[in-house]
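I have placed the structure first, in the form of structure tokens, so that the comments after it can refer back to it.
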Amino acid sequence: MEEIEFSSLVINTMSDFKEIINLIIDVADKIDKTYSGLVYRPPGLIEITDYEELYVIGDLHGDFGTLLDILSSEELLDRLEHDNVKIIFLGDYVDRGDQQLEVLTAVLYLKLLHPEKIVALRGNHEAPPLLLPYPHDFSSILRGVYGTEKGILIYRLFFRLFQRLPVIARIPGKILFLHGGPPSTVLEAYSFEEAFSVGVPSIDDNTLEEILWNDPVESDITVQESPRGAGYMFGKKITEKTLELSGTSYIVRAHEPSYYGYKINHDGKVITLFDAKIPAYGILSAAYLRISRDADLEKGLENYIVTI
Ligand SMILES: [Mn+2]
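Last residue of the sequence shown: 342 (our numbering), numbering continuous.
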């Protein structure tokens, strides 16, 4: 499929009240399921067990143009149909940007078309009911597009879908993916499952807040207050304990605007990706990761960052 064709599919779907409802309902059934090469471990972990090439995309915040640019420069729409590629989105599809509904519809549409190849993680803007971010203008966008009554209904459907999005992905032995950062409770945890609420009925509220909101800090302090008013800043010791518990070598996360689209912390063990080239952030480039199955990750994951 060409980008122009995909773009009009997305716009036609979001412009039709019934079509968008159908998309939300259909995709809700697919976001937390096991497929070939993607193992779902409830309530919020996806294990990526097979891929030829993996792409990782950070915050989009309504930047549909950058999403289309990435899909186009990597020929991903075509390759999703023929190759064993996987795309991990790190969350924050909505709020701030002009084309939030387009971005969210596009990501969900890709998941609907290729459920075994797309992982759509949750960001802090796909918020839990008691922890709304600021700004949270997504609901007013929906009221603008569909009118008040229908807009509120669509918002509620999206909001329910957000509660079901997985919050962590892992390539066993290699990389852990999440939106914000590991919870500070990893320091006292005995296992990965305990630390990240895997295999329990629901994710602990504080764990969820930290996974969605935390940011790295270059300091020997284990944890410190965050200026965001939610989550914490995590130091190197938390990164080291997380890598040990999860049996991985790197943490890939998003959440923080970075001038070149990426940022490296904790001696290269924490990589931040950001892809919202919108005026609110004034960043120069967006960045994503492209990792093939045979990539030698030992020499540093930062070597696989691509800027656009
Ligand atoms: Mn965020």
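Beta carbons: idealized from backbone N, C-alpha and C, even for Gly.
field: Rounded separation between arginine 75 and isoleucine 122 - CA only
entry: 16 angstroms
- request: Using beta-carbon positions only, say whether leucine 111 and glutamate 36 come within less than 9 angstroms of one another.
  value: yes
field: Simplified DSSP state of leucine 79, which is helix, strand or coil
entry: strand
message: Classify aspartate 254: buried if its beta carbon has 16 or more other beta carbons within 10 angstroms, exposed otherwise.
response: exposed
message: Let me check understanding here. Comparing Cα to Cα, which of Lys64, Gln134, Glu274, Asn337 lies closest to aspartate 93?
response: Gln134
query: What is the residue span of the beta strand (DSSP E) that methionine 22 lies within?
result: Given that the chain is displayed from residue 35 to residue 342, the structure contains no residue 22 and the question cannot be resolved.
query: Hey, would you say leucine 307 sits closer than 9 angstroms to tyrosine 293, going by beta carbons?
result: no
task: Check whether the Cβ atoms of asparagine 299 and valine 232 sit closer than 9 angstroms, and answer yes or no.
output: no
Minimum Cβ-Cβ distance from lysine 311 to chain D less than 9 angstroms: Annotation note: the requested chain D is absent from the structure, which comprises a single protein chain.
query: What is the residue span of the beta strand (DSSP E) that alanine 229 lies within?
result: Here alanine 229 belongs to no beta strand (DSSP E); instead the alpha helix (DSSP H) covers 226–229.
query: How about isoleucine 59 and leucine 176: do their beta carbons lie closer than 9 angstroms?
result: no
- prompt: If we ignore side chains and look at the alpha-carbon of each, how far apart do tyrosine 266 and glycine 214 end up?
  reply: 10 angstroms
Contact under 9 angstroms by Cβ, threonine 282 with isoleucine 237: no
query: Whose C-alpha, out of Ser280, Lys120, Leu101, Val201, is nearest the C-alpha of threonine 139?
result: Leu101
- request: Return yes when the Cβ of isoleucine 325 is within less than 9 angstroms of the Cβ of lysine 303, no when it is not.
  value: no
message: Could you compute how far the alpha carbon of aspartate 103 sits from the alpha carbon of alanine 310?
response: 12 angstroms
Separation of arginine 156 from serine 70, as counted between CA atoms: 21 angstroms
query: When the Cα of glutamate 259 is compared with those of Arg287, Pro217, Tyr338, which residue comes out closest?
result: Pro217
query: Whose CA, out of Gly207, Tyr224, Val90, lies closest to the CA of glutamate 336?
result: Val90
Residue closest to leucine 277, alpha-carbon to alpha-carbon, out of Lys145, Val61, Leu212, Val128: Leu212
- request: Taking 9 angstroms as the cut-off, decide whether the C-beta atoms of glycine 131 and aspartate 84 are in contact.
  value: no
- request: Would you kindly check if the distance between the Cβ of leucine 165 and the Cβ of glutamate 243 is under 9 angstroms?
  value: yes
query: With 16 other CB atoms within 10 Å as the buried threshold, where does threonine 273 fall?
result: buried
- request: Report buried or exposed for threonine 47, applying the criterion of at least 16 other Cβ atoms within 10 angstroms of its Cβ.
  value: buried
message: For leucine 279, which residues in the same chain have their Cβ closer than 7 angstroms to its Cβ, ignoring the five residues on either side in sequence?
response: Val220, Ala223, Ser225, Phe226, Ala229
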